[in-house]
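The structure appears right after this line, and notes come after that.
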Amino acid sequence: MDIPRGITSRRSVLAAVATAGGLIFVPSAAAWATQAAPEPPAEPLPHHDVTQVTPEELVPPDGLDPGGCGSTVWPHNEILGFPTPYEGDGKQRNFSYDDTFYSRVETWFQFFRANTPIAVGPPFEIWCWGVFVDKGDCGDSFHKVGRAFDISRIYATDPATGIKSQVFNSRHDIWKSWTGSAFTTANRQYWTTAASLNYHFQHMLTYPWRADHDNHIHFDNGVSGSGNSSFNRASAQIFSAQATLNAIWGEALVVDGSWGPKSIAAAGRALGRIGVSGTLDTQSNWLAFNRASLRFGSGTQTY
12 MDIPRGITSR
22 RSVLAAVATA
32 GGLIFVPSAA
42 AWATQAAPEP
52 PAEPLPHHDV
62 TQVTPEELVP
72 PDGLDPGGCG
82 STVWPHNEIL
92 GFPTPYEGDG
102 KQRNFSYDDT
112 FYSRVETWFQ
122 FFRANTPIAV
132 GPPFEIWCWG
142 VFVDKGDCGD
152 SFHKVGRAFD
162 ISRIYATDPA
172 TGIKSQVFNS
182 RHDIWKSWTG
192 SAFTTANRQY
202 WTTAASLNYH
212 FQHMLTYPWR
222 ADHDNHIHFD
232 NGVSGSGNSS
242 FNRASAQIFS
252 AQATLNAIWG
262 EALVVDGSWG
272 PKSIAAAGRA
282 LGRIGVSGTL
292 DTQSNWLAFN
302 RASLRFGSGT
312 QTY
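Here the sequence shown is numbered in our numbering, starting from 12 and rising by one per residue.
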């Protein structure tokens, strides 16, 4: 049976199931709680400490005021059918998403799969610190309305061997002290995956941007909504573009969040290798750059 979308709490869901009769089954799309989407703040607010989130704060409480905060969130324990373990304890759990945001997350992961090598195959695991997080007030965070995701790791399986391995690790707090090929691989995988996220989410925050993202990448659709991103020279985008140019395209930029002549020239060289001209300021070039960075960084294609 389908649960009506107007339901705003677990108690209401259970009541709807009970009155329907027959087999009792609550699908993962059952409405869980109601909250409103805030406008993106003029200046990004401090991120909550992901290591201090309690399990209870990952679940929207019963009885939220539908008029107080606005859009409905739904629980899912998978992305495209692949589990989403919680970084805090490694256990699979439900995370609560706004519908449009969940669709964008699935679109991103389809894109990631399509542009990475065949050896990066299913089954996957997409680890995270949380989606809906019950911290702060309405308007403070897109986590509060299920429109933000704090990703920590991705595991994939080589179909030839059946061996599962880590293909992305955002725990810079762990691997920043590594050396040699271990560091180079982790760094390249980090910025390769970041490029795939930059393609879809205009608001994507990495560790060079601020220290409170040293153990995860944050992304949300607060700016780009249901569409892809564009380059508006926000500092978070600049940090990411500079680091991607270094890690994947062999540049040696100072990663300082300032988009000056050296960064523009480096981006132009990468675009030239891709086969396009101009700058990252057009959306088509920004998307081409991020798609090629994903493909080049993962070894799918050379340029």
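C-beta: ideal position from N, C-alpha, C; glycine also.
Within 7 Å: the Cβ of P71 and any heavy atom of the ligand FMN?
Among the ligands in the structure shown, none appear at all, so the ligand FMN cannot be discussed.
With DSSP as the reference, label N198 as helix, strand or coil.
Looking at N198 - three-state DSSP - the assignment turns out to be helix.
Contact under 8 Å by Cβ, S107 with W140
In this structure, W140 does not lie closer than 8 Å to S107 by Cβ.
Does DSSP classify Q63 as helix, strand or coil?
Here DSSP, grouped into helix, strand and coil, assigns Q63 to helix.
Looking at T204 and I165, is the spacing between their C-beta atoms short of 8 Å?
Cβ distance < 8 Å, so I165 and T204 count as in contact.
When burial is assigned at 16 or more other CB atoms within 10 Å of the CB, is V178 buried or exposed?
Buried, because 16 or more other Cβ atoms sit within 10 Å of the Cβ of V178.
Those runs of the alpha helix (DSSP H) which lie wholly inside the segment 161–235 and span at least 4 residues
With a minimum length of 4 residues, the continuous alpha helix (DSSP H) runs that stay inside the segment 161–235 are 183–186, 191–211.
Sequence-distant residues of its chain with Cβ nearer than 7 Å to Y218 (five each side left out)
If we look at Y218 and ignore the five residues flanking it on each side, its Cβ neighbours are H183, H224, D225.
DSSP state of V84, grouped into three classes?
DSSP, reduced to helix, strand and coil, places V84 within a strand of the structure shown.
In terms of residues, what are the limits of the alpha helix (DSSP H) holding W260?
Per DSSP, the unbroken alpha helix (DSSP H) holding W260 starts and ends at 246–260.
Check the DSSP bridge columns for S107 and list the partner residues they point to.
S107 is bridged by DSSP to P86.
How many angstroms separate the CA atom of S295 from the CA atom of G157?
If you draw a straight line from the Cα of S295 to the Cα of G157, it comes to about 28 Å.
How big is the Cα-Cα spacing for G286 and G261?
Put simply, the backbone Cα of G286 is about 17 Å away from that of G261.
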